[in-house]
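So the structure is just underneath, and the comments pick up after that.
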Amino acid sequence: MSDYTNTTLVRNESSAAVTAQSCQADADLAPASKGDKLIVRMYNPEAGTLTCTFGTGATGLLASQGTVVASVATGTVEYIILETARVAKATGDINVTCALSSGTLGNCKLETIIVPV
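Those letters in the sequence shown? Residues 1422 to 1538, by our numbering.
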């Protein structure tokens, strides 16, 4: 079971409301369908650097390329597009670990958006 909920965009429709979710030290993103792109928006309002690592325990076709790491500086927003073939586990979920060098991790936010191909 995933800890974060994705928002799926629909082709030729107005944009969807995306809910920001508090960062967790070790959690799972819900799976995307094969071929779909998963966009993650990370926001860090805290004094330290937020580091998010995606894909620990991945078993997909491109898992040998390793995890994907994103660093988010104080007061900034970063986006990353994840390929499920690289970061998904056998269950389809994507493991994400978040760490903050200084401050309260729960104040940092993730938004996950599935873009169908």
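Every residue, glycine too, gets a C-beta built ideally from N, C-alpha and C.
From a predicted model like this one, the values you see are computed outputs, not experimental measurements.
| Query | Result |
| --- | --- |
| When the distance is taken between beta carbons, is residue 1448 closer than 8 Å to residue 1425? | yes |
| Step through the CB atoms of chain D and report whether any lies within less than 8 Å of the CB of residue 1486. | In summary, chain D is missing from the structure at hand, where a single protein chain is found. |
| Would you identify the three-state DSSP class for residue 1432, choosing helix, strand or coil? | coil |
| Who are the near neighbours of residue 1529 in its chain, counting only those whose CB is closer than 8 Å to its CB and skipping five residues on each side? | 1443, 1444, 1463, 1464, 1465, 1466, 1467, 1471, 1493, 1519, 1521 |
| Taking the alpha carbon of residue 1457 as the point to measure from, which residue in 1435, 1446, 1441, 1503 has its own alpha carbon closest? | 1503 |
| Just mark residue 1392 as buried or exposed, buried being the case when its beta carbon has 16 or more other beta carbons within 10 Å. | Past the edges of the chain, shown from 1422 to 1538, lies residue 1392, and the structure says nothing about it. |
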